[in-house]
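The listed protein sequences derive, respectively, from chains P and E. For the first sequence, this note's numbering begins at 48 and goes up steadily by one. For the second sequence, this note's numbering begins at 1321 and goes up steadily by one. To start, the structure itself, in structure tokens.
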Amino acid sequence: MASRIRVLLAKPGLDGHDKGVKLVARALMEAGMEVIYLGMRQSPDAIVQAAIQEDPHVVGLSILSGAHVSLTRKVVSRLKEAGCTEIPVIVGGTIPPGDLETLKKEGAAAIFPMGTDFEDIISWIGNYASLNPSRPNSGGGAR
Amino acid sequence: MTGEKRQARKGPPRWDEASARVTESGLPIKEVYNPGDFPVEREEGIGLPGAYPFTRGVYRTMYRGRLWTMRQYAGFGTAAESNKRYQFLLSQGQTGLSVAFDLPTQLGYDSDDPSVEDEVGRVGVAIDTLADMEVLFEGIPLEKVSTNFTINSTAAIVLAMYYALAEKRGLDPRQLRGTVQNDMIKEFLARKSYIFPVDPSLKIVTDIIEFCSRRLPSFNPISVSGYHIREAGADVVQELALTLKAGITYVEGALSRGMTVDEFASQLSFHFTSGQEFFEEIAKYRAARKMWAEIVKTRFHSSKPESQLLRVFAGGNGVTLTAQEPLNNIIRGTLQCLVGVLGGAQAIHVPAYDEAFAIPTEESARIGLRTQQIVAYESGIPRTADPLGGSYYVESLTEELEKRAWDLMEEIDRKGGLVPCIKTGYIQGLIQDRAFERERQIQSGQKPVVGVNCFSSQKTESIHLSEMDPGILERQKRGLEEIKARRDQAAVGKALESLKRAAAQGKNLMPYIIEAVKGYVTVGEITYQLREVFGEYRETERA
């Protein structure tokens, strides 16, 4: 059996709007993925630390506080510094259209603004994982 | 596959006998309503506007006597930028202020704390010390304009600053009118800007209620909010039941301090959402008034009618605003404004059409205000109190919502009560389940959202959005540095020490916080001391 796709979700910064990220977590789990949700008010360092430990296929950030550009930049660059260049960072939340390009430049692999269907997120992650199949430590226990 | 789905979505949604039969929160709807649904003998039960049980409104003349307060939620950047926006809104005919704070202020961090640098001045105004508050209200007469502060975990600090500002201007603080949101229950349930654990958080809420009842008789120490519970995904019945349960919890807290219900209950205020299911939403405001009046009168034995009034701030349902075809949100805002007016609200906020992207521009904020003004002055709707009173349909919806909300309140009691159910996460789970169900309904097209899952143009409308001035963080930090260099350090240390002692001894914190803010002690410094004493709340995260 192929190992399950692992997704690490977190809310960086102080933003407490956690409805969206929890809905996405649930949809990903229903689609058969393993989701590690770190919770809200996570510092970029804490997220990177968790990514190193959990070795997910994808890291997903949910930001509705307007601070998406700088927070994404921090997570992406610290992942790089930690040598985790192969884990893509995807971003969801309240993202104005004008920031889509900026976020891409900051290293976001995909952006799913408010109003995105679960299906689009699930298929993006699924495609990515099928193109990058073997994660050395994946398939760990459910949490 | 995705392409096919999108194609299908250009067409009309399902609209037939079956889909028309239930409201958004599942109330069954009949084909037509007639006198049998609201017979004459039950009509007496609803009374008149301004009379118990206040189903038809809290005042006899309602808007004929005085229009609702138009209060657009605003705040961003430093105090100077926000003051400019308030001056603009007041110059355009807004009749009250509603202050939005940035997240560091809401969570008790100063702007010079490196861990919060990304969030300073972003979703609201940055307030570090009394000096910021002085700038925020420059040129605004505190004795004339009422102000609503959306502040919770650090409400005591903001209120202390407002009090100190009035004194500094030589005003009697008893003249101050306004509200601090100060509703921690909904923070744990939905809004999530908590700091301390549940018990000390609720203790500070009571401190504020006690302080206002003694020192600020025209100020609302709390706005018990269903709004955010709803935004987090709850339905109307859950919003109603949980808000009233929260209200009961706060009354009990104040009673346990030795106050009598009629000493403080007239200062309690409420905040509900105006969603899209038009008549159900209006019925919710009516049911809420009736239920609260009954609770205060029969359960808490109030003998003062003013104590029994559910005075309410109606906010437009932000989650209904769409990023697709954003100008459609102006129409949604208009409907939500009508819900507030026909629901008999005392103050109304109409969301700005660009809120699905960013904080409002001056233009989008103005359109929100104009929506209210058009309804107030052009539509003729406010000419009579409770124009929908006696409608067979609205009255039976009101009764049905009331019944379902009482049932849910009883169920929560059977499960151990509101606060224990929050601590176990039971209620959060209920809300999350409902949120997931609704999201599925939207994504499957079962719940129509025009321009999104039906009648979609698939075009990106480009609208002008507000952009954050990158200089804000530096300006705010510089201002704070100057204040810190200028203030009496010995006095700061002393004030913090006595605050910490008072917190450890369980005293009412308000006098100590007032003393501190007068000496320009910062929000972060005060909160740090309280964190030391009370600790921090950690949610058991469940996805």
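Glycine included, C-beta positions come from ideal geometry on N, C-alpha and C. Bear in mind that the values here come from a model prediction, so they are computed numbers and not experimental data.
Nearest-angstrom Cα separation, counted from residue j out to residue i
i: E/Y1483; j: P/A74; result: 48 Å
i: P/G186; j: P/R51; result: Confidence in P/G186 is poor, its pLDDT being 42 and thus under 50, which makes the residue's placement too unreliable to answer from.
i: P/P91; j: P/V122; result: 5 Å
i: E/R1631; j: E/V1378; result: 7 Å
i: E/A1502; j: E/T1526; result: Here residue 1502 of chain E is Asn; the residue named in the question, Ala, does not match the sequence. Those two C-alpha atoms are separated by around 9 Å.
i: P/I134; j: P/T141; result: 23 Å
i: E/R1326; j: E/Q1778; result: For E/R1326, the predicted model reports a pLDDT of 45, less than 50, meaning its position is unreliable and no value from the coordinates is stated.
i: E/C1741; j: E/V1518; result: 12 Å
i: P/N184; j: E/L1588; result: Summary for P/N184: the model assigns pLDDT 49, below 50, so the residue's position carries little reliability; its value from the coordinates is reported in the next sentence. Rounded to whole angstroms, P/N184 to E/L1588 spans 55 Å at the Cα level.
i: E/E1363; j: E/K1464; result: 39 Å
i: P/V106; j: P/E148; result: 19 Å
i: E/G1489; j: E/L1536; result: For clarity, residue 1489 of chain E is Arg in the given sequence; the question names Gly instead. Distance between the alpha carbons of E/R1489 and E/L1536: 16 Å.
i: E/E1675; j: E/G1638; result: 7 Å
i: E/Q1796; j: E/E1845; result: 16 Å
i: E/S1622; j: E/V1581; result: 6 Å
i: P/Q89; j: E/D1433; result: 15 Å
i: P/I7; j: P/T132; result: Outside the modelled stretch of chain P, which goes from 48 to 190, sits residue 7 of chain P, for which no answer is possible.
i: E/Y1840; j: E/Y1429; result: 15 Å
i: P/T119; j: E/Y1406; result: 32 Å
i: E/I1687; j: E/M1390; result: 12 Å
i: P/V116; j: P/L150; result: 6 Å
i: P/G79; j: E/F1775; result: 32 Å
i: E/E1787; j: E/I1679; result: 9 Å
i: E/D1492; j: E/A1667; result: 25 Å
i: E/E1530; j: E/K1838; result: 21 Å
i: E/A1643; j: E/K1767; result: 17 Å
i: E/M1830; j: E/C1532; result: 10 Å
i: E/S1521; j: P/K69; result: 25 Å
i: E/Y1848; j: E/F1584; result: 30 Å
i: E/E1600; j: E/V1544; result: 20 Å
i: E/V1843; j: E/I1568; result: 30 Å
i: E/Y1570; j: E/S1627; result: 14 Å
i: P/V71; j: E/T1681; result: 30 Å
Contact list for residue i against chain P, beta-carbon separation under 8 Å
i: E/Q1763; result: D164, F165, E166
i: E/L1785; result: P143, G145
i: E/T1780; result: P144
Contacts of residue i in chain P (Cβ-Cβ under 9 Å)
i: E/Q1558; result: What E/Q1558 touches in chain P: nothing, since even the nearest Cβ is about 14 Å away.
i: E/E1361; result: Those do not exist, as E/E1361 stays about 43 Å from chain P at its closest Cβ, beyond 9 Å.
Where residue i meets chain E, residues with beta-carbon distance less than 7 Å
i: P/S124; result: Residues of chain E passing the Cβ test: none, with the nearest at roughly 14 Å.
i: P/G63; result: R1511, K1512, S1513
i: P/K66; result: A1552, G1553, A1755
i: P/G60; result: D1438, E1439
Bridge partners - residue i, DSSP secondary structure assignment
i: P/E81; result: P/R53
i: E/V1417; result: Just to set this straight, residue 1417 of chain E is Leu in the shown sequence, not Val. Answer is E/T1467.
i: P/Q89; result: P/P59
i: E/Y1393; result: E/S1418
i: E/I1668; result: E/M1390, E/A1634
i: E/C1774; result: E/V1770
i: P/S108; result: Ser is not the amino acid found at residue 108 of chain P; the sequence shown has Leu there. P/L108 pairs with P/A57, P/V138.
i: E/V1342; result: E/P1348
Amino acids of chain E, ordered along the chain, whose beta-carbon sits closer than 8 Å to that of residue i
i: P/M80; result: Going along chain E, no residue has its Cβ under 8 Å from P/M80, so there is no contact; the nearest lies around 11 Å.
Chain P contact residues for residue i, given Cβ-Cβ distances below 7 Å
i: E/T1642; result: G162
i: E/V1772; result: G162
i: E/L1423; result: L61, D62, S112
i: E/L1427; result: L61
i: E/E1645; result: Within 7 Å Cβ-Cβ: nothing; E/E1645 doesn't reach chain P, min ~11 Å.
The ligand PLP heavy atom lying under 8 Å from the CB of residue i
i: E/L1629; result: As presented, the structure is devoid of all ligands, the ligand PLP included, so that no description of it is given.
Problem set entry | Within the region 1483-1564 of chain E, ranges of the beta strand (DSSP E) (whole runs, at least 3 residues) | 1498-1500, 1542-1545
Exercise. For the region 1443-1482 of chain E, which segments carrying the alpha helix (DSSP H) assignment without a break, of at least 4 residues, lie completely within its bounds, in sequence order?
Worked result: 1450-1456
For this session: Identify each residue in the region 1736-1766 of chain E for which the Cβ-Cβ distance to at least one residue of chain P is less than 7 Å, and report them in chain order.
Result: Q1752, A1755, F1756, E1759, Q1763
For this session: Please list the residues of the region 1667-1698 of chain E that have a C-beta atom closer than 9 Å to any C-beta atom in chain P, keeping them in chain order.
Result: D1674, E1675, A1676, F1677, A1678, I1679
Exercise. Listed from N- to C-terminal order along the chain, which residues in the region 1537-1555 of chain E have their beta-carbon within a distance smaller than 7 Å of any beta-carbon of chain P?
Worked result: A1552, G1553
For this session: Quick one: which residues of the region 1835-1853 of chain E get their C-beta closer than 7 Å to a C-beta of chain P? List them in chain order.
Result: none
Problem set entry | Unbroken stretches of the alpha helix (DSSP H), 4 residues or longer, contained in the region 1572-1658 of chain E | 1581-1584, 1598-1614
For this session: Would you mind listing the alpha helix (DSSP H) stretches within the region 152-183 of chain P that are 4+ residues and don't spill past its ends, in chain order?
Result: 165-178
Exercise. If you measure beta-carbon to beta-carbon, which residues of the region 83-117 of chain P are closer than 7 Å to chain E?
Worked result: Y84, G86, M87, S90, S112, G113, A114, S117
For this session: Report the residues of the region 1433-1452 of chain E with a CB closer than 7 Å to any CB of chain P, ordered along the chain.
Result: S1435, V1436, D1438, E1439, R1442, V1443
For this session: For the region 1787-1803 of chain E, enumerate the residues whose C-beta is nearer than 9 Å to any C-beta of chain P, in chain order.
Result: E1787, M1788
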